[in-house]
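Undergrad: Can you read through this structure? Questions will come right after.
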Amino acid sequence: MELNEIRKKLKKELDKCRYEHTKGVMYTAGCLAMAHEYSIEQAMLAGLLHDCAKCIPNDEKIKMCEKNDILITPVEYESPYLLHAKLGAYLAETEYDVKSPQILHAIKVHTTGEPDMSPLDKIIYIADYIEPGRDKAPNLSYVRKLAFQDLDACMAEILRDTLKYLSSRGGSVDPMTKMTYDYYEQYLIDKNL
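Every number in our numbering is 19 more than the matching position in the sequence shown, counting from 1.
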């Protein structure tokens, strides 16, 4: 399926606000791919589809994951909105005919991250955080600048801010987010030795 076809289909599937965010992530991912010498086409496609399951009601997300043997962790049962990443990867493959394992994986990990992410994984994770419609995160102008200089340092910065935000809200934190933060913090320490 072509990018324009997917955009038309997504426009019907997502609410207006989510669709605007999705376009922002798609274009931001393309820009980051240019800056870091990665495939612009892959980055834009992953960015376009990263939230394709976001507007599905949470109880429906759980049912769809169970029906399609998509593993649900205890934290995901508690916070089913997290499932949009895993379910989105499934839908990207089955509904939008995406066959690239790199794109599917980037969609799957764009919410919690994971240690040792690929360049595309990091591009989508970061683009989701810094796209032009985002304005609530702390240090956003610094993080946006850093994104075009050092993806790994940017990951550590975003994850630090994310964990700080989640702990201030008192909600549960997906263990994968904490593991990802620990990985990138250690990566930066080792890199600067």
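Glycine included, each C-beta is placed from N, C-alpha and C at the ideal position. Note that the structure is a prediction, hence the values are computed from the model and not measured.
I need the straight-line Cα distance from Asp180 to Ile143, nearest angstrom please.
TA: 17 Å
Undergrad: Compare the C-alpha of Met45 against each of Lys27, Ser160 and Glu60 and name the closest.
TA: Glu60
Undergrad: I'd like the ranges of any alpha helix (DSSP H) spanning at least 4 consecutive residues and lying wholly in the region 89–141.
TA: 93–97, 102–113 and 120–127
Undergrad: Pop quiz: Leu67 and Leu106 are said to be a contact at Cβ under 8 Å. What is the actual Cβ separation, rounded to whole angstroms?
TA: Their Cβ separation, rounded to whole angstroms, is 16 Å, which puts Leu67 and Leu106 out of contact at 8 Å.
Undergrad: When you compare the CB positions of Ser24 and Cys71, do they come within less than 8 Å of one another, or not?
TA: Residue identity check: residue 24 is Glu in the sequence provided, not Ser. Cβ atoms of Glu24 and Cys71: not closer than 8 Å.
Undergrad: Buried or exposed: Tyr96, going by 16 or more other Cβ atoms within 10 Å of its Cβ?
TA: exposed
Undergrad: With burial defined as no fewer than 16 other Cβ atoms inside 10 Å of the residue's Cβ, what is the status of Glu79: buried or exposed?
TA: exposed
Undergrad: Output yes if chain B places a C-beta closer than 8 Å to the C-beta of Glu114; else output no.
TA: In the structure shown, chain B does not exist; there is a single protein chain.
Undergrad: Quick check: Leu110 and Ile145, are their CB atoms within less than 8 Å of each other?
TA: no
Undergrad: How should Asp193 be labelled, buried or exposed, when 16 other C-beta atoms within 10 angstroms of its C-beta is the threshold for buried?
TA: Asp193 is buried by the Cβ-count criterion.
Undergrad: Sort Cys74, Val117, Lys155 and Asp147 by Cα distance to Cys50 and report the nearest one.
TA: Asp147
Undergrad: Taking the continuous alpha helix (DSSP H) assigned at Ser186, which residues delimit it?
TA: Leu170 to Arg188
Undergrad: Select from Leu139, Met83 and Lys155 the residue whose C-alpha is nearest the C-alpha of Pro120.
TA: Leu139
Undergrad: Of all the options Ala54, Met83 and Gly43, which has the alpha carbon lying nearest to the alpha carbon of Ala65?
TA: Gly43
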